[in-house]
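Colleague: Going left to right, the sequence shown walks through residues 1 to 452 as the UniProt record's numbering numbers them.
A virtual CB, placed ideally from N, CA and C, is assigned to each residue, including glycine.
Treat the numbers as computed from the prediction; the structure is a model and nothing was measured.
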Amino acid sequence: MSHGSRPRPVTARKSVNLAGVVRIPGDKSISHRSFMFGGLASGQTRITGLLEGEDVINTGRAMQAMGARIHRQGAEWVIDGTGNGALLAPEAPLDFGNAGTGVRLTMGLVGTYDFSSTFTGDASLSKRPMGRVLDPLREMGVQVSASAGDRLPVTLRGPKMPSAIRYRVPMASAQVKSAVLLAGLNTPGITTVIEPVMTRDHTEKMLQGFGAALSVETDKGGVRAIRLEGRGRLTGQVIDVPGDPSSTAFPLVAALIVPGSDITILNVLMNPTRTGLILTLQEMGADIEVLNARLAGGEDVADLRVRHSELKGVTVPEERAPSMIDEYPILAVAACFAEGTTAMKGLEELRVKESDRLSAVADGLKLNGADCEEGKDFLVVRGRPDGKGLGNAAGGEVRTHLDHRIAMGFLVMGLAAEHAVTIDDAAMIATSFPEFMTLMTGLGARIEEVPE
């Protein structure tokens, strides 16, 4: 699917009684890393539950271009890796489409190799800042050639002997932390990342699972020191990818705001660095029952039963932002149907996502009758529990800016608003949640493409 193809406007209308049992596609973060670490490890890695969205597939293609053998076998993905330190120079630029995680982590993985590699992406990805990853790579000896503002396309030339560094992450970013650790895999000595605010820890957990010599120490102030011994052996693993909590958020919020709803979502990743949205919604009064909590592959997993709830506005603690940064668009939608005011702070990171998500959310809310206020790093929403006046009776379209989470969030809004909500394009939903439309309509949601 090309983002240059004809836009696909889609409309969502007021619905009732969403019901059913669904399984969400695999977690995007773990899926990216499964392809990367499997492609790098010695021996064979077998993956079930992989998210087969475009972003993850682009990461798989990049690993293939550097020597990994990857194929699908029934419900499994099978990878024969190159071995750590044995990636091959790609013969052509690596195109990551819309995948910010894929491109930033792969820059780290490849940057310290003694060859040149070029990274490209679509129009949206080409606007996103890469300096946060390129700066530590420069400290390790990598030569960087980038477009203005350290944006794509980027060409890296690795040094003959990269230098291990001690790097304090300047912002709460799992991508930056991960890129530095991955660069350390092919660097002699100990690479250390200092993380003042904990972010999703899939990289640390999975690298340890693949056999990397990695340790984590947390001081009394909560600052984490992650140390990786370079040029060690990684060994292929068997991975079952749990359901993505960021994708789970859409049917979950839909069930909370659509009257009469009662749905169950199976096999959801419940890693504590990823459950900020669920905690916030529970504080708002959401009826979310955690069932069958268990450990799977070192990760917390559970099933969630979600029923329609009367929500109340809350102030979301600023320090919770790293554990739910991708979920603020859908939380803003939930807040539209809550009694009172919901205040969300510490959102500056939203301005450098697939779009300026903060402005995109605020603009879409205002277009659809919501009472909201946008600031430099905050969003305040004053809700209407009955949904009266929400939506756009004139058919005005929300501008999605090629951003899958904006698209899905506003389609959920339309399911409980008085008037229909229309988005300008649903094509990019395939980057993270290809089954979204089928899954939602299967639960009873009224979502349909706008006829030409």
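#1: Look at the alpha carbon of Ala183 and the alpha carbon of Gly298, and state the distance between them as a whole number of angstroms.
#2: To the nearest angstrom, how far is it from the Cα of Ala123 to the Cα of Glu354?
#3: Scan the segment 42-110 and note each continuous beta strand (DSSP E) run of 3 residues or more that stays entirely inside, going in chain order.
#4: Let me know the secondary structure DSSP gives Lys127 once reduced to three states.
#5: Per DSSP, what kind of secondary structure is Gln237 in: helix, strand or coil?
#6: What are the boundary residues of the alpha helix (DSSP H) that includes Glu204?
#7: So is Met270 buried or exposed if we call it buried at 16+ other beta carbons inside 10 Å?
#8: Distance, Cα to Cα, His202 vs Asp300?
#9: Is Thr11 closer than 8 Å to Gly444 when the C-beta atoms are compared?
#10: Assuming Phe119 contacts Leu152 under a Cβ cut-off of 8 Å, what Cβ separation, rounded to an integer in Å, is found between them?
#11: How do the segment 237-255 and the segment 322-330 stand: do at least 3 beta-carbon pairs fall below 8 Å, yes or no?
#12: As a quick exercise: from Ser31, Leu281, Gly20, pick the residue whose alpha carbon is nearest that of Thr431.
#13: Give the straight-line distance between the Cα atoms of Ile447 and Ser145, rounded to the nearest whole angstrom.
#14: So, Thr264 versus Val21, is the Cβ gap smaller than 8 Å?
#15: Specify the secondary structure class of Met1 as computed by DSSP and reduced to three states.
#16: Among all the DSSP beta bridges, which residues are the ones paired with Glu397?
#17: Can the beta-carbon of Ile47 be found closer than 8 Å to that of Val241?
#18: According to DSSP, which residues form a beta bridge with Ala302?
#19: Grab me the residues of Leu365's own chain with a C-beta within less than 6 Å of its C-beta, minus the 5 sequence neighbours each way, in chain order.
#20: Take Met1 and list the residues in its own chain whose beta-carbon comes closer than 7 Å to its own, dropping the five residues that flank it on each side.
#21: Phe210: buried (16+ other C-beta within 10 angstroms of its C-beta) or exposed?
#22: At which residues does the beta strand (DSSP E) containing Thr218 begin and terminate?
#23: Are Val314 and Gly409 close, meaning C-beta to C-beta below 8 Å?
#24: What three-state label does DSSP hand Thr438 in the structure shown?
#25: Tell me the residue span of the alpha helix (DSSP H) that contains Phe37.
#26: Taking just the CA atoms, how far does Pro25 sit from Ala370?
#27: Can you name, in chain order, every residue of its own chain whose Cβ lies under 8 Å from the Cβ of Leu295, other than the five neighbours on each side?
#28: Who are Arg224's beta bridge partners in DSSP?
#29: Could you work out which residue in Arg399, Leu234, Met140 is closest to Arg8 when comparing CA atoms only?
#30: Since Val169 contacts Ile194 with CB under 8 Å, what's their CB separation in whole angstroms?
#31: I need the boundaries of the alpha helix (DSSP H) containing Met344, first residue and last residue.
Modeller: Based on what the coordinates show:
#1: Taking the first residue of the sequence shown as position 1, residue 183 is located at position 183. Taking the first residue of the sequence shown as position 1, residue 298 is located at position 298. Going from the Cα of Ala183 to the Cα of Gly298 covers about 24 Å.
#2: Locating residue 123 in the sequence shown gives position 123, where the first residue counts as 1. Locating residue 354 in the sequence shown gives position 354, where the first residue counts as 1. About 10 Å.
#3: 44-48, 69-73, 76-80
#4: Residue mapping note: residue 127 aligns to position 127 of the sequence shown, counting from 1. Reduced to three states, the DSSP call for Lys127 is helix.
#5: Within the sequence shown, numbered from 1, the residue matching residue 237 stands at position 237. Three-state result, Gln237: coil.
#6: What you label residue 204 is simply residue 204 of the sequence shown in a count that begins at 1. Note, Glu204: alpha helix (DSSP H), 202-209.
#7: Within the sequence shown, the letter at position 270 stands for residue 270. Buried.
#8: In the sequence shown, counting from the first residue as 1, residue 202 sits at position 202. In the sequence shown, counting from the first residue as 1, residue 300 sits at position 300. Roughly 12 Å separates the two Cα atoms.
#9: Residue numbering aside, residue 444 sits at position 444 when the sequence shown is read from its first letter. Residue numbering aside, residue 11 sits at position 11 when the sequence shown is read from its first letter. For Gly444 and Thr11, no; Cβs fall outside 8 Å.
#10: For the purposes of this step, residue 119 is taken as the residue at position 119 of the sequence shown. For the purposes of this step, residue 152 is taken as the residue at position 152 of the sequence shown. Going by Cβ atoms, the distance from Phe119 to Leu152 rounds to 6 Å, so yes, they are a contact pair.
#11: yes
#12: Taking the sequence shown and counting its residues from 1, one reaches residue 431 at position 431. Closest option to Thr431, Cα to Cα, is Ser31.
#13: Here the question's residue 447 lines up with position 447 in the sequence shown. Here the question's residue 145 lines up with position 145 in the sequence shown. Their Cα atoms are separated by approximately 45 Å.
#14: What you label residue 264 is simply residue 264 of the sequence shown in a count that begins at 1. What you label residue 21 is simply residue 21 of the sequence shown in a count that begins at 1. For Thr264 and Val21, yes; Cβs fall inside 8 Å.
#15: Here the question's residue 1 lines up with position 1 in the sequence shown. Because the pLDDT at Met1 is just 34, under 50, the model does not fix this residue reliably, and the point stays unresolved.
#16: Reading the sequence shown from its first residue, position 397 is the one you call residue 397. In DSSP, Glu397 forms a bridge with Thr422.
#17: Position 47 of the sequence shown, counted from the first residue, corresponds to residue 47. Position 241 of the sequence shown, counted from the first residue, corresponds to residue 241. Contact: yes.
#18: Working through the sequence shown from its first residue, we reach residue 302 at position 302. The partner list for Ala302 (beta bridge, DSSP) reads Val268.
#19: Against the sequence shown, residue 365 aligns to sequence position 365. Here the set comprises Cys372.
#20: Taking the first residue of the sequence shown as 1, we reach residue 1 at position 1. Low confidence applies here, because Met1 scores a pLDDT of 34, under 50, leaving its location unreliable; read the following figure in that light. Cβ within range, chain order: Glu54, Ala427, Ala430.
#21: Residue 210 sits at position 210 when you count from the first residue of the sequence shown. Its Cβ being crowded by 16 or more others within 10 Å, Phe210 is buried.
#22: Residue mapping note: residue 218 aligns to position 218 of the sequence shown, counting from 1. Here the beta strand (DSSP E) through Thr218 covers 214-218.
#23: Along the sequence shown, one-based indexing puts residue 314 at 314. Along the sequence shown, one-based indexing puts residue 409 at 409. Cβ distance not < 8 Å, so Val314 and Gly409 don't count as in contact.
#24: By 1-based counting over the sequence shown, the position of residue 438 is 438. Three-state DSSP puts Thr438 in a helix.
#25: By 1-based counting over the sequence shown, the position of residue 37 is 37. Where Phe37 is concerned, the enclosing alpha helix (DSSP H) stretches over 28-40.
#26: Counting from 1 along the sequence shown, the entry for residue 370 is found at position 370. Counting from 1 along the sequence shown, the entry for residue 25 is found at position 25. Whole-angstrom Cα-Cα distance: 31 Å.
#27: The residue labelled residue 295 in the question sits at position 295 within the sequence shown. Only Val301 meet the Cβ criterion.
#28: Indexing the sequence shown from 1 puts residue 224 at position 224. Glu195, Thr218.
#29: The sequence position of residue 8 within the sequence shown is 8, counting from 1. The candidate whose alpha carbon is nearest that of Arg8 is Arg399.
#30: The count along the sequence shown starts at 1 and reaches residue 169 at position 169. The count along the sequence shown starts at 1 and reaches residue 194 at position 194. That pair is a contact at about 7 Å.
#31: One-based indexing of the sequence shown puts residue 344 at position 344. Not the alpha helix (DSSP H): Met344 falls in the beta strand (DSSP E), residues 341-345.
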